[in-house]
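Structure record follows, encoded as structure tokens.
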Amino acid sequence: MAEIIPFKKRKPSEKHKGSTLCRSGFHKWQIENKPQFDVKQGKLMTRTACQRCGKVKTKAV
Ligand SMILES: [Zn+2]
């Protein structure tokens, strides 16, 4: 099962496209888990992460 994947340079255009969108605020948010109660804020919070740049944010439900 273990394959040796040769190190390749990613297409700069792809990476650039993603980061440009992210920099412009157009993140590809995906919910990571179910709403969880945040004791500090006293609210239900959902954790979401951007699939392109990996940025994480929490949002009140
Ligand atoms: Zn992003």
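Take the position in the sequence shown, starting the count at 1, then add 233; the result is the number in our numbering.
We treat Cβ as the ideally placed atom computed from N, Cα and C, and that holds for glycine.
These numbers were taken from a predicted model, which means no experiment stands behind them.
Residue i - DSSP class collapsed to helix/strand/coil
i, result
"C286", "coil"
Near ligand 1: residue i beta-carbon under 7 angstroms from a heavy atom
i, result
"R280", "no"
"K261", "yes"
"K290", "no"
Which listed residue (the options) has its alpha carbon closest to that of residue i
i, options, result
"K276", "R285, P268, Q263", "P268"
"R280", "V272, F270, N266, Q274", "N266"
"K261", "V294, A293, V289", "V289"
"R256", "R285, F240, V272", "R285"
"A282", "P239, T253, I237, Q263", "Q263"
"F259", "V294, A293, G287", "G287"
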